[in-house]
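*Asks:*
Protein chains: 2
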Amino acid sequence: MMPPLELLDFLRKEDGFLITTHINPDGDGLGSAIALSMSLQGFGKKTVLLCKDPVPHQYRFLPGHEGFHTFDNVKDFENIILVDCNDIDRITTDKSQISNLKFQISAVIDHHESERPFGDIRWVMPDSAATGLMIYHLIKELGIKITEDMAVNLYAAIAVDTGNFRYENTTSGVLRAASDLIEAGAKPHVIYRWLFEAWSEGRFDLFMRVLNTLEREDGTAIVKVTRRMFEETSTSPDDTEHFVEFPRIMKDVQVSVLFREIDDTHYKISLRSKDDINVARIAEAFGGGGHKNAAGCRIKADFETAKKEILTQVKRFYMSDTA
Amino acid sequence: MMPPLELLDFLRKEDGFLITTHINPDGDGLGSAIALSMSLQGFGKKTVLLCKDPVPHQYRFLPGHEGFHTFDNVKDFENIILVDCNDIDRITTDKSQISNLKFQISAVIDHHESERPFGDIRWVMPDSAATGLMIYHLIKELGIKITEDMAVNLYAAIAVDTGNFRYENTTSGVLRAASDLIEAGAKPHVIYRWLFEAWSEGRFDLFMRVLNTLEREDGTAIVKVTRRMFEETSTSPDDTEHFVEFPRIMKDVQVSVLFREIDDTHYKISLRSKDDINVARIAEAFGGGGHKNAAGCRIKADFETAKKEILTQVKRFYMSDTA
């Protein structure tokens, strides 16, 4: 995985970089931005980290996470680098913040599909498991030694986006990079604990309440989370992250669906599937979207009606997908 | 990780090998034995796989798993190799089967601590994350090409014993080997699904019932499984594998305990801990044993009494461990 020469030249020649990632930042965006910033600083460059939102609690173990600035503290900058994000409109929801941001050259380093051609210099690799993997190769190519702090950030970035090496994007190159990062000081079990085993008691209680609503119909598992559950467990919608994936632990579950109650007649729906069942097509039937195995949509109806509609679509597409 | 020359000579010079593993075989023992057998066959040797117990259902995806023989079908053999096991008494519970087994030379390849010096040739490496990792290095050292079937067996062996690369034993060498095995044809997400996402509906129901019994006291989580739960979900004690680990997902849970009801006044207890809390010392207080973070024991008392006794010991050792 070779970064474009144009990007390497840009990083070598320029002196000051504003490095930012998308709103609602995740471990890949944060770890990638921090590691890139550290490596450029080690190279004698001036960098500033920018993020619209505060670093979520589960990522506050990342060395350097306290270095992020908000838009209020950031002045004009010569150059901007978007990391794990390929559109300037995704770095904030406040358009005035974007129009106030002045920069000369923009660069994009990302592994998401790109919808608009933002960026003077673009390195977009949808085949890369994580942006952290691209940053790892970039740092190596720049000839910078990977410190322990960089290694923790990059390992975490890769672990988040590969589900700790269990998703289909776990290639030999992913494990080779992760192996190198361990050599540089990343501790897999410590990072795993921070990323995947730092639930609050309230979140655990919520998880149990949600799973206790489980209904199964053929190969589809349905669970529900209500406003009352959040109240009773002092939790928020963020705490439901990954819940929808859990019922897939059952061999015979092909599609897993989480209904989140917005109000009595409005549900936000997350869908997950195995193998070739394309839940994006199901979500699209309700005006939503996503990827083959992970998608989402909204339905304005009471729970029983919404559930029935989803099951009808699942059956329709499942039948055609597996015919 | 270099296999002893004596072992390499033995494998190169001899022609027939009986390869076996421990009773209640796990993915590391089975995958290691199968991969070793395949590699020696590729080398022109005659091998026979032997296992006292049938291959558990979750490992029946391993290519070559159907090749295991039981003791009834196995005749005298020149050489025997114990894999993921270092004591001949652990290959069967039936002593007459051992005394009927005739062989000339015995070899041991294992990563468990050894209590007795069984084996003419011994390669025992407690620092290795998995026996599968040792077999990987052995096959490489013998100069044999790793086929896709061997790679799947070895990757599965390593994934099982590292908790899919989340335990403390996940070293850079582990990931480097796993990376090589992907190159040779192992598919991480497919193997993950077989190993960790192939629960029956009954097992899921049992899991929910068990977690619904959760009690927390300070940093200790306690769950219970009863005979009635097994009946109601058509499951068996094997189905509780990994259940005790789950409550550790909570940040503030340091010790997790599963009580399995044998009868009203007899419980089998599994203990798991984080970091430096040594649950083996707690288990030993009741005549059990194990490792620092995973141990077990039995208590002959009703549930409330047994629970109280365990909590008393947890407090005692937790206080001294963290003092």
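In the order they appear, the protein sequences are chains A and B.
For the first sequence, position 230 (counting from the first letter as 1) is numbered 230 according to my numbering, and the numbering increases by one without interruption.
For the second sequence, position 127 (counting from the first letter as 1) is numbered 127 according to my numbering, and the numbering increases by one without interruption.
Just so it is clear, CB atoms sit at the ideal spot from N, CA and C, and this is done for glycine as well.
Computed from a predicted model, the values in this text were never measured in an experiment.
Using alpha carbons as the reference points, say which of B:G29, B:R90, B:N164 and B:S37 lies closest to P188 (chain A).
*Replies:* Ranking B:G29, B:R90, B:N164 and B:S37 by Cα distance to P188 (chain A) puts B:N164 first.
*Asks:* Please check if any C-beta of chain A sits within less than 8 angstroms of the C-beta of I139 (chain B).
*Replies:* Not closer than 8 angstroms to any Cβ of chain A, the Cβ of I139 (chain B) fails to qualify, so no.
*Asks:* Relative to the C-alpha of I109 (chain A), which residue among A:A156, A:D94, A:I135 and A:A129 is closest?
*Replies:* For the residues A:A156, A:D94, A:I135 and A:A129, the minimum Cα distance to I109 (chain A) belongs to A:I135.
*Asks:* Given a limit of 7 angstroms on CB to CB distance, which residues of the region 236-259 of chain B reach chain A?
*Replies:* Within the region 236-259 of chain B, the residues whose Cβ lies closer than 7 angstroms to some Cβ of chain A are R248, I249, M250, K251 and D252, listed in chain order.
*Asks:* Of the residues that make up the region 84-100 of chain A, which ones have a beta carbon closer than 7 angstroms to any beta carbon in chain B?
*Replies:* Correct list: empty, as no residue qualifies.
*Asks:* So that I know if they touch, is there some Cβ in chain A lying closer than 8 angstroms to that of P188 (chain B)?
*Replies:* Yes, its Cβ sits closer than 8 angstroms to a Cβ of chain A.
*Asks:* List the residues of chain B whose Cβ lies closer than 9 angstroms to the Cβ of F61 (chain A), in chain order.
*Replies:* What F61 (chain A) touches in chain B: nothing, since even the nearest Cβ is about 11 angstroms away.
*Asks:* Please classify N24 (chain B) as buried or exposed, where buried requires at least 16 neighbouring CB atoms within 10 angstroms.
*Replies:* N24 (chain B) is exposed by the Cβ-count criterion.
*Asks:* From which residue to which residue does the beta strand (DSSP E) around E215 (chain B) run?
*Replies:* Where E215 (chain B) is concerned, the enclosing beta strand (DSSP E) stretches over E215 to E217.
*Asks:* So, helix, strand or coil for K315 (chain B), using DSSP?
*Replies:* Three-state result, K315 (chain B): helix.
*Asks:* Give a yes or no on whether the minimum CB-CB distance between Y167 (chain B) and chain A is below 8 angstroms.
*Replies:* Cβ-Cβ to chain A under 8 angstroms: yes for Y167 (chain B).
*Asks:* With DSSP as the reference, label D263 (chain B) as helix, strand or coil.
*Replies:* Here D263 (chain B) sits in strand by DSSP.
*Asks:* Could you pull the start and end residues of the beta strand (DSSP E) that F17 (chain A) belongs to?
*Replies:* Per DSSP, F17 (chain A) belongs to the beta strand (DSSP E) from G16 to T20.
*Asks:* Could you check whether the Cβ of L311 (chain A) sits closer than 8 angstroms to any Cβ belonging to chain B?
*Replies:* Output row for L311 (chain A): interface = no.
*Asks:* If the cut is a Cβ gap below 7 angstroms, which residues of chain A does L211 (chain B) touch?
*Replies:* Result: M208.
*Asks:* Report all residues from its chain with a CB closer than 8 angstroms to the CB of G287 (chain B); omit the five preceding and five following residues, and keep chain order.
*Replies:* Excluding residues within five positions, the ones whose Cβ falls inside 8 angstroms are C297 and R298.
*Asks:* How many Å lie between D28 (chain A) and A306 (chain A) at the Cα?
*Replies:* C-alpha separation (whole angstroms): 33 angstroms.
*Asks:* For the pair the region 137-149 of chain A and the region 110-119 of chain A, tell me if three or more CB-CB distances fall below 8 angstroms.
*Replies:* Output reads no: the region 110-119 of chain A does not touch the region 137-149 of chain A.
*Asks:* Looking at the unbroken alpha helix (DSSP H) that takes in A159 (chain B), where does it start and where does it end?
*Replies:* Per DSSP, A159 (chain B) belongs to the alpha helix (DSSP H) from E148 to D161.
*Asks:* Compare the beta carbon distance of I222 (chain B) and F196 (chain B) with 8 angstroms and say whether it is the shorter of the two.
*Replies:* Against a cut-off of 8 angstroms, the Cβ pair of F196 (chain B) and I222 (chain B) comes out as no contact.
*Asks:* So, at 7 angstroms on beta carbons, what are the nonlocal neighbours of A285 (chain B) in its own chain, with the 5 sequence-adjacent residues on each side left out?
*Replies:* Within the same chain, A285 (chain B) has close Cβ partners Q313.
*Asks:* Counting only C-beta atoms, is A198 (chain B) closer than 8 angstroms to chain A at any point?
*Replies:* Judged by the 8 angstroms Cβ criterion, A198 (chain B) is in contact with chain A.
*Asks:* Give the single residue among B:Q104, B:V279 and B:P126 whose Cα lies nearest to the Cα of M1 (chain B).
*Replies:* The candidate whose alpha carbon is nearest that of M1 (chain B) is B:P126.
*Asks:* Within the same chain, show all residues whose beta-carbon is closer than 7 angstroms to that of G205 (chain B), passing over the 5 residues directly before and after it, in chain order.
*Replies:* Position check: residue 205 (chain B) holds Asp in this sequence, whereas Gly was assumed. Excluding positions up to five away in sequence, the list reads T233.
*Asks:* So, is the C-beta of V314 (chain A) closer than 8 angstroms to a C-beta in chain B?
*Replies:* Not one chain B Cβ lies under 8 angstroms of V314 (chain A).
*Asks:* Please identify the residue among B:D263, B:D264 and B:A283 whose C-alpha is closest to the C-alpha of S270 (chain B).
*Replies:* Nearest option by C-alpha distance: B:A283.
*Asks:* For the alpha helix (DSSP H) that W194 (chain A) lies in, which residues bound it at each end?
*Replies:* P188 to F196 is the extent of the alpha helix (DSSP H) around W194 (chain A).
*Asks:* Return no unless some Cβ of chain B is closer than 8 angstroms to the Cβ of E183 (chain A).
*Replies:* Yes, contact with chain B.
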